[in-house]
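Encoded as structure tokens, the structure appears first; notes follow it.
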Amino acid sequence: MGNIHKALTAIAVASAVLLSGCSKAFDDDSPRPGPTAPPALAPITSSINVVLVDVDDDPIPGDTTVLVRDTSGAATGDALRLAPVGSTTSATSFTAKNGILALGLADGSPTFSADPLDVIFVGSKDGYFRSSNLVNIDKDGDTIVVIKMTKNDLADPAKAISTTKVTATSDASGAVSAPIAAKTPVDTTKSKAKGTTSLAVPSGTKLTTESGAPVTGNLTVNVAYFENDVNTGGSTPPTNSSLNTFPGGLDTSISDVDASGNTIPDQAISFSSAGFTSIEIRDDAGNLVKKFDKPITIDITVPEGTAAPDPAFDTNNNGVVDVGEKVPVWTYNELTGKWEREKIPAGEPGAGQPASVTLTDTTPGDGLLNGQFKTDHLSYFNLDFRGNRCSVQGSDPRTMTASVVDSSGVPNQRRFKFAGYQNGGGWSRLKTTYDSNTTQLILANNPTFKTTIELIGDDNSSMIDRFVTASGATITANNGKLNVGAGPDGIRGNADDMTLCDLHAGTVHLNKANPAASELVTLNFEIVQQCQQDNSVRTAYPTKSYVFRRGFMGIVSTEANGKGTIGNLDPNLTYEYFTYIREQGQYRSLRAPFSPKTIVDSSNGLLTVVARTVDCPGLNPQPQPTGATGGTGGTGTGG
Numbered sequence: 001m002g003n004i005h006k007a008l009t010a011i012a013v014a015s016a017v018l019l020s021g022c023s024k025a026f027d028d029d030s031p032r033p034g035p036t037a038p039p040a041l042a043p044i045t046s047s048i049n050v051v052l053v054d055v056d057d058d059p060i061p062g063d064t065t066v067l068v069r070d071t072s073g074a075a076t077g078d079a080l081r082l083a084p085v086g087s088t089t090s091a092t093s094f095t096a097k098n099g100i101l102a103l104g105l106a107d108g109s110p111t112f113s114a115d116p117l118d119v120i121f122v123g124s125k126d127g128y129f130r131s132s133n134l135v136n137i138d139k140d141g142d143t144i145v146v147i148k149m150t151k152n153d154l155a156d157p158a159k160a161i162s163t164t165k166v167t168a169t170s171d172a173s174g175a176v177s178a179p180i181a182a183k184t185p186v187d188t189t190k191s192k193a194k195g196t197t198s199l200a201v202p203s204g205t206k207l208t209t210e211s212g213a214p215v216t217g218n219l220t221v222n223v224a225y226f227e228n229d230v231n232t233g234g235s236t237p238p239t240n241s242s243l244n245t246f247p248g249g250l251d252t253s254i255s256d257v258d259a260s261g262n263t264i265p266d267q268a269i270s271f272s273s274a275g276f277t278s279i280e281i282r283d284d285a286g287n288l289v290k291k292f293d294k295p296i297t298i299d300i301t302v303p304e305g306t307a308a309p310d311p312a313f314d315t316n317n318n319g320v321v322d323v324g325e326k327v328p329v330w331t332y333n334e335l336t337g338k339w340e341r342e343k344i345p346a347g348e349p350g351a352g353q354p355a356s357v358t359l360t361d362t363t364p365g366d367g368l369l370n371g372q373f374k375t376d377h378l379s380y381f382n383l384d385f386r387g388n389r390c391s392v393q394g395s396d397p398r399t400m401t402a403s404v405v406d407s408s409g410v411p412n413q414r415r416f417k418f419a420g421y422q423n424g425g426g427w428s429r430l431k432t433t434y435d436s437n438t439t440q441l442i443l444a445n446n447p448t449f450k451t452t453i454e455l456i457g458d459d460n461s462s463m464i465d466r467f468v469t470a471s472g473a474t475i476t477a478n479n480g481k482l483n484v485g486a487g488p489d490g491i492r493g494n495a496d497d498m499t500l501c502d503l504h505a506g507t508v509h510l511n512k513a514n515p516a517a518s519e520l521v522t523l524n525f526e527i528v529q530q531c532q533q534d535n536s537v538r539t540a541y542p543t544k545s546y547v548f549r550r551g552f553m554g555i556v557s558t559e560a561n562g563k564g565t566i567g568n569l570d571p572n573l574t575y576e577y578f579t580y581i582r583e584q585g586q587y588r589s590l591r592a593p594f595s596p597k598t599i600v601d602s603s604n605g606l607l608t609v610v611a612r613t614v615d616c617p618g619l620n621p622q623p624q625p626t627g628a629t630g631g632t633g634g635t636g637t638g639g
């Protein structure tokens with residue numbers, strides 16, 4: 001499945017719905033009318049759950065606009081194949097509620113198995129930098145698409161991200177009346193975001209939208225700098241990495257440019273970033289500046305020690321950046337979901353050719369190198385080395401699959417997050433487990449970079465003890481971390497170097513035993529609707545349900561009869577369920593937190609989810625004894 005496996009989380013937006021028993025409205029055993037059956041709607045055979053989260057993996061609150069575009073960036077072709085869950089009317093613009101948007105197939109659209117879906121989901125909300133994700137879905141079922149969005153006023157010392165905001169004005173033609181200068185703040189402690197991004201727009205420069213319309217009046221300029229986590233150094237999992245917010249992901253598809261400026265489209269590569277930036281200029285009406293009539297200047301600093309894995313640019317072959325070396329410049333097209341090689345703008349020497357920065361050291365001793373370039377448009381910009389991807393033997397050369405066993409050598413039962421990162425920064429991946437398969441490590445689209453990998457447990461410990469290759473060779477982990485690609489001699493590029501793909505068909509041995517049966521909980525679910533006159537009168541409510549938390553997602557099969565079971569839940573954690581509710585020919589979502597331990601202690605492991613409360617004609621009103629209190633029903637938000 002073309003699922004996007006990235007970090008997934010949810011916020012509690014409803015109260016728990018474990019209901020207590022209530023007094024009856026009848027004293028005899030005569031039949032009582034119950035809720036009518038839910039409206040007969042087509043089952044949700046294929047759903048796309050678009051999840052919009054911030055840099056902490058928390059859902060974007062309120063309403064967020066989500067656009068769907070085909071791979072050309074147009075609202076045509078595959079972009080017309082989707083509709084809100086419960087509807088069959090095609091649309092290309094939707095509203096996500098509190099970070100969740102549920103989509104299905106539009107009327108007449110072929111299934112994903114018959115015709116793979118290639119689209120870009122674009123998230124846009126005031127107060128956040130616009131971002132997007134390019135996906136390919138080639139199997140029917142449930143798909144998770146995660147879009148990471150960064151606040152334009154983020155101030156978080158725990159991450160290598162810094163932002164700044166300035167104001168300006170432009171006249172009726174879009175020309176700015178004074179120079180625009182903006183620079184992200186310098187972290188004087190040098191603890192995280194050591195570097196900066198600066199922007200310089202000359203006076204009189206005309207600002208226009210993508211279509212060429214002038215952007216006029218009061219302007220707000222937002223600049224964000226994202227460092228490349230150069231100091232990871234194989235010692236810190238990238239759970240707080242700024243690279244986790246990289247638009248489209250570091251393992252992506254690009255459009256490159258040859259030396260003559262000709263475009264080379266659609267290449268699958270892995271990026272190693274020397275740092276990236278996002279710059280947005282908007283007027284009071286929200287119009288976004290995309291183009292300038294003359295070049296502007298952008299300066300991005302690069303931390304010393306940044307990895308330089310591309311030999312074509314690492315001229316002294318020491319594996320890190322140095323003064324005088326070049327780093328290619330890339331720009332992100334949110335509407336196509338692709339990174340494109342930046343071209344030198346018109347009027348500059350070498351116009352039309354691929355742009356690079358030549359690193360200088362303007363302030364010796366500060367640990368930073370400077371890279372400056374000119375451009376005639378705005379977007380995300382990225383100083384990046386492109387890397388190749390490795391391949392495996394088998395039916396799918398993109399995907400590495402290894403077995404995972406516990407310390408006794410039996411199939412693993414502990415959930416884990418995969419963390420991989422390049423020493424010297426520039427590349428990282430944090431993959432959470434979206435199903436209950438704990439016995440395999442499955443990684444697709446893997447780079448050839450030297451990496452350190454970890455499997456991180458719920459207690460945030462690094463759990464790898466050793467790795468045994470398919471041929472029987474053993475590689476021992478260091479404090480739960482496994483180095484991949486160093487080779488015995490530690491020299492980059494030699495034949496004995498490993499890649500992530502060399503893990504294929506091998507076995508990861510963990511340093512922990514499987515949890516005892518008493519440590520895990522299995523819950524039974526029943527999805528019901530109840531009568532408002534007597535909430536003890538209920539009928540089954542078949543629908544699709546999910547259970548999730550950070551690092552875990554499971555599908556509860558409640559579509560057949562409203563009942564389902566899910567296991568391997570940690571009683572000490574808090575989860576959430578997510579259930580689709582059919583109402584008036586449409587769907588909404590019901591979300592609420594629950595504690596497995598509470599459910600086990602109070603109801604022997606049965607979680608009753610009340611999908612809706614309805615009027616039941618003919619049923620007497622329920623008497624309420626003095627001082628009695630009934631159970632609390634769940635409330636939902638639009639899905």
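Mapping of the sequence shown onto my numbering: residues 1 to 639, in sequence order. A virtual CB, placed ideally from N, CA and C, is assigned to each residue, including glycine.
Using a Cβ distance threshold of 8 Å, A102 and Y580 count as a contacting pair.
Cβ contact annotation for R389 (same chain, cutoff 8 Å, sequence separation greater than five): D251, A268, I269, S270, R398, N445, N446, P447 and T448, in chain order. Nearest Cα to S391 within the set S260, L607, M400 and F121: M400. DSSP places L359 outside both helix and strand once states are collapsed to three, so it counts as coil. If you compare the alpha carbons of D140, F313 and F276 with that of P247, the shortest gap goes to F276. Residue environment: N318 is assigned as exposed (fewer than 16 neighbouring CB atoms within 10 Å of its CB, all protein chains considered).
DSSP places D376 in the strand class (E or B) of the three-state scheme. Nearest Cα to V50 within the set D258, I147 and G261: I147. Looking at K151, A274 and R282, the one whose alpha-carbon comes closest to that of A213 is R282. Look at the region 140-202 and you find these whole runs of beta strand (DSSP E), each 3 residues long or longer: 142-148, 161-170, 180-183 and 197-201. With fewer than 16 neighbouring CB atoms inside 10 Å of its own CB, Q393 falls in the exposed class.
With fewer than 16 other Cβ atoms inside 10 Å of its own Cβ, T363 counts as exposed. For the 8 Å CB-CB criterion, T507 and S403 form a contact. When rounded, the separation of the alpha-carbon atoms in P515 and V410 is 12 Å. Between the alpha carbons of Q440 and S113 lies a gap of roughly 24 Å.
Here the alpha carbon of T164 sits roughly 20 Å from the alpha carbon of L383.
From the listed residues S557, L455 and D534, the smallest Cα separation to K512 is found for L455. Residue environment: E519 is assigned as exposed (fewer than 16 neighbouring CB atoms within 10 Å of its CB, all protein chains considered).
If you draw a straight line from the Cα of P38 to the Cα of E334, it is about 40 Å long. Nearest in C-alpha terms to N524, of all of E576, G605 and T613, is G605.
For K597, the enclosing alpha helix (DSSP H) starts and ends at P596 to S603.
Counted as a single uninterrupted DSSP element, the beta strand (DSSP E) harbouring M400 occupies residues T399 to V405. Remark: fewer than three beta-carbon pairs, one from each stretch, lie closer than 8 Å, so the region 422-429 and the region 466-478 are not flagged as touching. In its chain, beyond the 5 residues on either side, V323 and L369 have a beta carbon closer than 6 Å to the beta carbon of D361. Per DSSP, the unbroken beta strand (DSSP E) holding A540 starts and ends at R538 to A540. Excluding sequence positions up to five before and after T64, its CB lies within less than 6 Å of the CB of L52, A96, G123 and K125, all in the same chain and listed in chain order. The Cβ atoms of I453 and F418 lie closer than 8 Å to each other. Taking a contact as a CB-CB distance under 8 Å, the pair T438 and F416 counts as one, their CB atoms being some 7 Å apart.
Taken through DSSP and simplified to helix, strand or coil, S589 comes out as strand. In the DSSP assignment, E340 falls within the unbroken beta strand (DSSP E) covering K338 to R341. The DSSP-derived three-state label of D126 is coil.
Between the alpha carbons of I527 and I137 lies a gap of roughly 29 Å.
Under the DSSP assignment, I344 falls outside any beta strand (DSSP E); it carries neither an H nor an E label. For E227 against A160, the beta-carbon gap comes to about 3 Å, under 8 Å, which counts as contact. Counted as a single uninterrupted DSSP element, the beta strand (DSSP E) harbouring C531 occupies residues V521 to C531.
From the listed residues Y225, D293, Y332 and T301, the smallest Cα separation to E348 is found for D293.
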